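Per this note's numbering, the very first residue in the sequence shown carries number 2; after that it's consecutive.
We treat Cβ as the ideally placed atom computed from N, Cα and C, and that holds for glycine.
All figures in this text were calculated on a predicted structure; none of them were measured in a lab.
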Amino acid sequence: MEEPAWERELERCYPVVLRGLLAVAGSREQAEDAMQEAIVAALQQGAADVRRLDAWLYVVGLRALARSRWKQRLTSPLKFLSGSAPAPGVERVQVLELLRQLTPRQREFVIARFYLDLSYDEIATEFHVSVGTATSTVTQSLAKLRRSLVEVSDER
Numbered sequence: 002m003e004e005p006a007w008e009r010e011l012e013r014c015y016p017v018v019l020r021g022l023l024a025v026a027g028s029r030e031q032a033e034d035a036m037q038e039a040i041v042a043a044l045q046q047g048a049a050d051v052r053r054l055d056a057w058l059y060v061v062g063l064r065a066l067a068r069s070r071w072k073q074r075l076t077s078p079l080k081f082l083s084g085s086a087p088a089p090g091v092e093r094v095q096v097l098e099l100l101r102q103l104t105p106r107q108r109e110f111v112i113a114r115f116y117l118d119l120s121y122d123e124i125a126t127e128f129h130v131s132v133g134t135a136t137s138t139v140t141q142s143l144a145k146l147r148r149s150l151v152e153v154s155d156e157r
């Protein structure tokens with residue numbers, strides 16, 4: 002991919018990938034750090050032959066988040082940080098709460114499927130799993146989310 006084309010593709014997919022990483026990380030700062038690490042990796046390794054830059058950045062960003070979490074566990078106790086960003090809307094909070102009920106892998110696959118609009122084939126390729134595993138993981142995740150939504154609506 003030529004440099005101007007790569008930059009245009011990065012501008013197109015940046016907000017989508019960042020939202021996906023934010024949903025996984027739960028922290029805008031961590032998501033932005035992971036996104037920046039993914040972009041640096043793309044520039045260093047040359048992501049020119051990548052078919053879906055958004056998928057590649059998402060997976061590399063997830064790895065950066067995982068490394069960050071391990072470093073955090075090893076170097077300091079967990080701390081709750083308060084940001085200066087405005088509070089998220091009620092609907093967004095509800096979606097994030099639902100996503101947190103999933104396992105990390107389920108959450109990553111659901112975000113890849115519905116935030117990044119990756120096909121099951123693309124999820125399988127990027128996460129190095131079979132298409133059946135990608136499909137069943139997303140299907141089981143959606144069933145779990147539906148059950149949670151029914152429980153919430155029954156409580157009201």
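In summary, Val60 is buried, with 16 or more beta-carbon neighbours lying within 10 Å of its beta-carbon over all protein chains present. Ser149 places its beta carbon 8 Å or farther from that of Gln107.
Annotated three-state conformation of Leu103 is coil, per DSSP. Here Tyr116 carries a coil assignment [DSSP, helix/strand/coil]. When the five nearest sequence neighbours on each side are left out, the beta carbons in the same chain lying within less than 7 Å of the beta carbon of Val51 are those of Trp57, in order along the chain. Ala24 counts as buried, since at least 16 other C-beta atoms from the protein chains shown sit within 10 angstroms of its C-beta. Taken in chain order, the complete alpha helix (DSSP H) segments of 4 residues or longer contained in the region 16–46 are 29–46.
Nearest to Leu117 by alpha-carbon distance, out of Val139, Leu143, Val18 and Ala42, is Val18. Annotation for Asp122: the continuous alpha helix (DSSP H) segment containing it runs Tyr121 to Phe128. Between Leu146 and Leu99, the beta carbon gap of about 6 Å places them in contact (Cβ cut-off 8 Å). Your pair Tyr121 and Val132 checks out as a contact, with CB atoms roughly 5 Å apart and the cut at 8 Å. In the three-state reduction of the DSSP assignment, Asp55 falls in the helix class, which pools H, G and I.
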